[in-house]
Amino acid sequence: MLNLCLVIFNCSTREQLLKCIQSCTNDEQEKLRKNTSLSGYICKDKLEEFRLVKECMGNQGDIDSVNNCSNKCGHPLDATIQLDSSPFAPVNPFAITDSTTQICRTIECTIKCSIVESNKICAGSGYLFRDIGFKQVLEASQQLQNDALNSSSSTQQLTKTYLESLPQQCTYIINPTNYNMVLTFLSFL
1 MLNLCLVIFN CSTREQLLKC IQSCTNDEQE KLRKNTSLSG YICKDKLEEF
51 RLVKECMGNQ GDIDSVNNCS NKCGHPLDAT IQLDSSPFAP VNPFAITDST
101 TQICRTIECT IKCSIVESNK ICAGSGYLFR DIGFKQVLEA SQQLQNDALN
151 SSSSTQQLTK TYLESLPQQC TYIINPTNYN MVLTFLSFL
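Going by my numbering, 169 is the number at position 169 of the sequence shown; the sequence numbering is gapless.
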C-alpha cells in the first residue's frame, strides 16, 4: 500500500521536475528523460490504474501478494524482483553467477503467481504489475542493444559475454517477446 502512495506522490514531484529541467541543456534534458522513462510511463499512462488499485488495496488490509508469491516460489528473502539490468537487479551483466538459472526460474514463478494473486485481491492489479514489469524488460532490452552497438570495445565484449552466457530460462528478462510468451498462459486464467 505504501508503494502505491509513493507512486502517486512521485508523479506530482515528477511534474515539478519536468518544469525545472526547462532551464537545463538539451543533453541534460535527454539524460534525465532516459533515467525517468519508467516514471514517465507510470505517471502518464498508468496513474489512474495506480489510483484505482490503491483505493482497492486500502480496503483489503495488509496483503502482500508479491512477498507471499516470492516465498512460495523460493525466491531469496533479501532479493528484489527487478527486471532490468541495473546493478541491483538479480540478473545483470556484472553479476553472472552459477545460480542465475534458478534465480530466473524463481522470478518467473513469482511474477506469474503475483499477477494471478493480485488480480484475485483487486481486479486488474496483477495486470498493472505485469505491465510495469514489461516496461522494465523493454528498457533493459534497449539498453543491452545500445551497449552491444557501443563503440567501447570493453562494453561490447561485456554485453556479448552476458548475452552468450545467459541461460535460456532467463531470456525473458531481456527479450520482450520471451517475456510475453512466459506470461501468455495468464490470458487464459
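Backbone N, C-alpha and C fix where the C-beta goes; we use that ideal spot for every residue, glycine too.
Item                                                                                            : Value
Cutoff 8 Å; reference Tyr127; Cβ partners in own chain excluding five residues on either side   : Ile115, Asn119
Cys104 and Gln169 closer than 8 Å at C-beta                                                     : yes
Beta carbon of Thr238 nearer than 8 Å to that of Asp147                                         : Residue 238 falls outside the range modelled here, since the chain spans only 1 to 189, and no answer is possible.
Secondary structure, alpha helix (DSSP H): runs of 4+ residues fully inside the region 27 to 60 : 37 to 41, 47 to 58
Nearest-angstrom Cα separation, counted from Val53 out to Val66                                 : 15 Å
Rounded C-alpha distance that separates Leu163 from Ile132                                      : 23 Å
Residue closest to Ser37, alpha-carbon to alpha-carbon, out of Asn59, Val137, Ile111, Glu48     : Val137
C-beta atoms of Gly124 and Glu49 nearer than 8 Å                                                : yes
Boundaries (first-last residue) of the alpha helix (DSSP H) holding Gln136                      : 125 to 149
Cα-Cα separation between Ser23 and Tyr41, rounded to whole angstroms                            : 23 Å
Supposed close pair Cys43, Cys11 - CB separation, criterion 8 Å                                 : 4 Å
Cα-Cα separation between Cys122 and Thr25, rounded to whole angstroms                           : 43 Å
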